[in-house]
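These notes concern the structure reproduced below.
There are 4 protein chains.
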Amino acid sequence: MPVRFAYLGPEGTFTEAALRTIPAAEQGERTPARSVPEALEAVRSGTADAALVPLENSVGGAVPVTLDELITGSPLMITREVLLPVEFVLGARTAAPLAAIRSIAAHPQASAQCRRWLQANVPDAVVVDVLSNAAAAISAATGEYDAAICAPIGVGRNGLTVLAEKIADRAEAVTRFALLTRPGPPAAPTGDDVTSLAVSIRHDQVGALLAVLTELAVRGINLSRIESRPTGEQLGTYVFFLDCTGHVAEPRLGEALQGLRRICAEVRFLGSYPKHRLQPEAPVAAPPGLSDDDFADSAAWLERLRSGG
Amino acid sequence: MPVRFAYLGPEGTFTEAALRTIPAAEQGERTPARSVPEALEAVRSGTADAALVPLENSVGGAVPVTLDELITGSPLMITREVLLPVEFVLGARTAAPLAAIRSIAAHPQASAQCRRWLQANVPDAVVVDVLSNAAAAISAATGEYDAAICAPIGVGRNGLTVLAEKIADRAEAVTRFALLTRPGPPAAPTGDDVTSLAVSIRHDQVGALLAVLTELAVRGINLSRIESRPTGEQLGTYVFFLDCTGHVAEPRLGEALQGLRRICAEVRFLGSYPKHRLQPEAPVAAPPGLSDDDFADSAAWLERLRSGG
Amino acid sequence: MPVRFAYLGPEGTFTEAALRTIPAAEQGERTPARSVPEALEAVRSGTADAALVPLENSVGGAVPVTLDELITGSPLMITREVLLPVEFVLGARTAAPLAAIRSIAAHPQASAQCRRWLQANVPDAVVVDVLSNAAAAISAATGEYDAAICAPIGVGRNGLTVLAEKIADRAEAVTRFALLTRPGPPAAPTGDDVTSLAVSIRHDQVGALLAVLTELAVRGINLSRIESRPTGEQLGTYVFFLDCTGHVAEPRLGEALQGLRRICAEVRFLGSYPKHRLQPEAPVAAPPGLSDDDFADSAAWLERLRSGG
Amino acid sequence: MPVRFAYLGPEGTFTEAALRTIPAAEQGERTPARSVPEALEAVRSGTADAALVPLENSVGGAVPVTLDELITGSPLMITREVLLPVEFVLGARTAAPLAAIRSIAAHPQASAQCRRWLQANVPDAVVVDVLSNAAAAISAATGEYDAAICAPIGVGRNGLTVLAEKIADRAEAVTRFALLTRPGPPAAPTGDDVTSLAVSIRHDQVGALLAVLTELAVRGINLSRIESRPTGEQLGTYVFFLDCTGHVAEPRLGEALQGLRRICAEVRFLGSYPKHRLQPEAPVAAPPGLSDDDFADSAAWLERLRSGG
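First to last, the protein sequences are chains A, B, C and D.
UniProt numbering applies: residue 1 is where the first sequence begins, and numbers increase by one.
UniProt numbering applies: residue 1 is where the second sequence begins, and numbers increase by one.
UniProt numbering applies: residue 1 is where the third sequence begins, and numbers increase by one.
UniProt numbering applies: residue 1 is where the fourth sequence begins, and numbers increase by one.
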């Protein structure tokens, strides 16, 4: 059980809020890091047991630095995912009518996600870019700007007054975080798990990517996420980040993983961990003929053929 | 070790010649059957230990009755294949110049395979259809016709004189025979084996057959033969007979067989047995990345992932 | 319009019956040939305008000699298919109780299709193999044997009495015949057509056959029949006979044909002709998104992209 | 010929440098925009004829805001790509030894790309995040910080002294920019073109993405880039950005585009334009059997079949 947690800081951002949903972290030691690489370095070097970093956002997409860190340096393993609905608020030092707001501090990604709300409600305010949601909250608290777009967690920490809640244009935005540890045995399957992989493919993209997807499709593996990243070596070469439904301990996924291992230049296993669901939802069912029972039946049949039984 | 052998008769045909290449049959008891179903019935009922029947000919194609028998009735298993070069001779009761031959008895498939030779060498002779190569030889021996197209084995048995040898238009024609027994454990792999299957596919042909081939291709299984047979139920529904390189005891083929079992309406395993080669030839190599070593490597890798090692 | 028709003889077989369902042939000149090659040679040499030969039977499978003839020699084109339900009768010179029948002449394929009826109804009769259904009827008419299994057409022609009708074990057996002419422009599409092809594939079977099926599947082409034939060159090399739903004049099939032409060692176009249906039945619908309308829509869209419209 | 160019500002960044490599832009009117959406809005509204914005970087990956803008709002078309090697310099108000530098202003992505250089050469300097490379240069020019990581173009514009050149950890980093206009007829093919697409796929990712890649592979289309973006609707639904080798006017690509149009929920054509190569390099060759000549040959063959010629 990890005790010392690193996370992408500063304090008062969504990552801290996500971390505190994990009971062990709420009770343990939480240390903000200045960057994703720094948070992961703390785990690699042993000064932290685990690190929570953002992986992707349903509006903004993948977090490149996290993906890049996962495929370079010594291996790390995702042991848990945390989904956190993204809620932006407009906060200010004191209560004020919206019409009185002349300047608003915001991280560019935050203001982008609230663009339509801003045009409709504070069309005359100047939006000033700052470097983080936490920095925005601080600049409103100090009075540098009239208001700030920030996370709810930034309101309490800086003693702000909420002028408007849920101001994001898309109400359903979600950020997904990964809790990373040094490699070890994966937790036991729960029946509703995710397995994350980073797959480097050879040469020509069409054929190689077709082959990867075929290995998965033949075993009925569902792909809940696919993300390509250039390798940094040259335009046109990629690593694919895949999230598959299932657990490495299961025969279906085990067979598919072996297939990928055989055909890919490199497969990095990034962990099998429980799927985090914000609402109760059934796990994705296997296609007809490709359920775990079907795999067990075909294995028993092969055994009979081999023994002549 | 089988002792009592049934075979497709009558005596004096290629099937008897093929059977006698098997040492146990040369020393054992050999009983001709009037038809392929009768030969196989002898095995099913236990009056014979094994039966040799023709499977396919490189010129004439598959032998439908054999294929149909393999997928109906109680299961049988191929334990051995025998390849026999097909050599036709022109035999007669006594020596005679070809110009003197006015009538030739021949099984229609035999005369078809010698058509060009007949046109070139005995253009004026009448070719009379008879019901087997053996019947042809007998009718020449009795003087009913001037000559017969028959197998070399039919010459000695009927005291014929050979007027011409190797008269088939294609010198390299080969017939392949299968030795069938009741089901049991397959013989151990030799490193150069064949596995035969009968696969019934569902509904639409393009998609279902694509899926079958994909299961094989993904595991690097080579297909040395594919033969479609209507199921007899209606035009457009098929059973496919597949000969795969490899042995059911091997991981590669075992995984592919399980895959077929899961997606096909029915898979009938027809045996794993040594490849018979008329000339020394290397077994077909697995595609790059799909060798037995690659399968062993990927299995060991998966084991490490699962144990966290 | 063809006037002189050759067909696989002798007179009094199913092929003649099939030919007479074609009005032009009923009124035209009909010449039996001794063999399929002879019938086709009559067309190739110009002594006949068209030839009708059997292509496949729902019980017995493909007719190898017809397939082989279609891929060798100068090209011929299927301009029409004829489906004929196969009905066997037991005929004799005079009326007699079944119990009195001691010998029955039959072509081996005919007796095979009636095996269960024979066992149940004339268990003690000896079945004697003869070379055609017509020969069986003649031998009953001459009194050489007590009865014959033959086609209904053979009854009238030989003045036989029908002892039993519809004696085939499978009531629904159907034979499919092809009417072949010298190549020319295909008839106009009817909206319910078949296109026949012979496709030679390269090297390794799994990959090459996968590629062929993929070319068809991508264009939503339905495969109503697939038949493999060894090329005769060596065991393991094949020609595939494909019957596709659609007409060469249609964009969908045209695009698929071009794809096959590019990837196959050889594609022989064997004709586009109306589907013969024994019962009224709707043509096979294209998969979703792959209808003729979808093809027209995508072509129009591409045109707009190219013109910048 | 466009005359009025918008570009992602501020002045003095890589985008301005890239724009000035286009002769018409060097001579025309160049207006910096505060954001990618603003630059593109200038084109959509007609206040600019074309806009240059960054598309991807070989190290940092895709520029999400550009991709998102390309698939929302009224369509725009890429008419040109510009590749620019990314070179970072360390600039300061006056010459100084590196050991004297205590604070460095940098855009976070710039400092990330120079991380190893910074550790090795100025290990004790504090790196301060600022909002753009141009802002970094300005803050060094005003003396707010001792030095700045910036683009070479930022040096001249702000009168800085270069303390170190080519300080990026990866010497070969390249940024790719797109010149966007309102839709119109694409420029004529040059024989070395790129076609960009945005493709929305349905439902399950494995099957739908497999189908997309198969449409391309069957026509031998090379994929030089694939980038997935969440649609913003929910985690797990994607738009794929594809760069294909070839031009919409060519038969191969035209056929593939039609195929995508039929199977995808939506295909947005983003333009066909000349490939920009920093070094002379041959275009990617088509796979065997899938060259333009092979397409022409198969089209001619189909024409002969249809006409019966």
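C-beta atoms are modelled at their ideal positions from N, C-alpha and C, and glycine is treated no differently.
> Is the beta carbon of A:P32 sitting closer than 9 Å to the one on A:E56?
Replying inline: no
> With a Cβ-Cβ cutoff of 9 Å, do A:R219 and A:A249 count as a contact?
Replying inline: no
>> Please identify the residue among B:V267, B:L302 and B:L8 whose C-alpha is closest to the C-alpha of B:N133.
In response: B:L8
> Does any C-beta atom of chain C lie closer than 9 Å to the C-beta of B:P64?
Replying inline: Interface residue, yes.
> How long is the line joining the alpha carbons of B:A148 and C:R20, rounded to whole angstroms?
Replying inline: 37 Å
> Going by the CB atoms, is the gap between A:E38 and A:V3 shorter than 9 Å?
Replying inline: no
> CA-CA distance, B:R277 and B:V174?
Replying inline: Spanning the alpha carbons of B:R277 and B:V174 requires a straight line of approximately 11 Å.
> For C:A106 versus C:L160, is the C-beta distance shorter than 9 Å?
Replying inline: no
> Does any residue of chain A bring its CB to less than 9 Å from the CB of B:A285?
Replying inline: With 9 Å as the cut-off, B:A285 does not count as an interface residue toward chain A.
> Does DSSP classify A:P230 as helix, strand or coil?
Replying inline: DSSP places A:P230 in strand when its eight states are reduced to three.
>> With a threshold of 9 Å between beta carbons, is C:E281 in contact with chain B?
In response: no
>> With three or more C-beta pairs closer than 8 Å as the rule, is the region 176-192 of chain A touching the region 110-126 of chain A?
In response: By the Cβ rule, the region 110-126 of chain A does not count as touching the region 176-192 of chain A, because fewer than three pairs are nearer than 8 Å.
> Are any of the Cβ atoms in chain B nearer than 9 Å to that of A:D297?
Replying inline: Judged by the 9 Å Cβ criterion, A:D297 is in contact with chain B.
>> Our contact map puts A:I153 next to A:G46 with C-beta atoms below 8 Å; I'd like the distance itself, whole angstroms only.
In response: Contact flag wrong, Cβ pair sits at about 28 Å.
>> With a threshold of 9 Å between beta-carbons, can C:A50 be considered close to chain D, or not?
In response: no
> Which whole runs of the alpha helix (DSSP H) in the region 221-289 of chain B are 4 residues long or more, in chain order?
Replying inline: 251-263
> Is the distance from the Cβ of B:P251 to the Cβ of A:L305 below 9 Å?
Replying inline: no
> What residues from chain D crowd round A:G61, counting only those whose CB sits closer than 7 Å?
Replying inline: P64, R229 and P230
> Going by the beta-carbon positions, is the gap between D:L242 and D:S196 smaller than 9 Å?
Replying inline: Cβ atoms of D:L242 and D:S196: closer than 9 Å.
>> I believe A:S103 touches A:A125 by the beta-carbon criterion, under 8 Å. Please report the beta-carbon distance rounded to the nearest angstrom.
In response: 6 Å
> Would you call B:A168 buried or exposed, if buried means 16 or more other Cβ atoms sit within 10 Å of its Cβ?
Replying inline: buried
> Looking at the unbroken alpha helix (DSSP H) that takes in C:V43, where does it start and where does it end?
Replying inline: V36 to S45
> Does any residue of chain C bring its CB to less than 9 Å from the CB of D:R262?
Replying inline: yes
> C:I226 versus chain B: which residues are under 8 Å apart at the beta carbon?
Replying inline: Q205, L209, S228 and Y238
> Name the chain B residues whose beta carbon is nearer than 7 Å to that of C:D129?
Replying inline: L131
> Where in the region 124-165 of chain C do unbroken runs of the alpha helix (DSSP H), each at least 4 residues long, occur, reported from the N-terminal end onward?
Replying inline: 133-141 and 152-158
>> Distance check for D:A99 and D:T142, CA to CA, integer angstroms please.
In response: 20 Å
> Out of curiosity, what's the CA-to-CA distance linking D:A96 and D:D146?
Replying inline: So the alpha carbons of these two residues sit roughly 9 Å apart.
> Can you find a C-beta in chain C that's less than 9 Å from the C-beta of D:Q109?
Replying inline: no
>> Out of B:L290, B:V82 and B:A164, which one is the CA nearest neighbour of B:P54?
In response: Scanning B:L290, B:V82 and B:A164 for the CA closest to the CA of B:P54 turns up B:V82.
> For C:E56, which three-state DSSP category applies?
Replying inline: strand
>> Among B:A265, B:A42, B:C264 and B:A286, whose alpha-carbon lies nearest the alpha-carbon of B:F5?
In response: B:A42
>> Using 8 Å as the cut-off, can you tell me whether the region 57-75 of chain A makes contact with the region 59-75 of chain D, which would need three or more C-beta pairs spanning the two stretches below that distance?
In response: yes
> Since C:V86 is in the beta strand (DSSP E), which residue starts that stretch and which ends it?
Replying inline: It is not in any beta strand (DSSP E) - C:V86 carries neither H nor E in the DSSP assignment.
> Whose Cβ in chain B lies nearer than 9 Å to the Cβ of A:L278?
Replying inline: Going along chain B, no residue has its Cβ under 9 Å from A:L278, so there is no contact; the nearest lies around 29 Å.
>> Under 9 Å, Cβ to Cβ, is there at least one residue of chain C near B:L160?
In response: For B:L160, the closest Cβ of chain C is not nearer than 9 Å.
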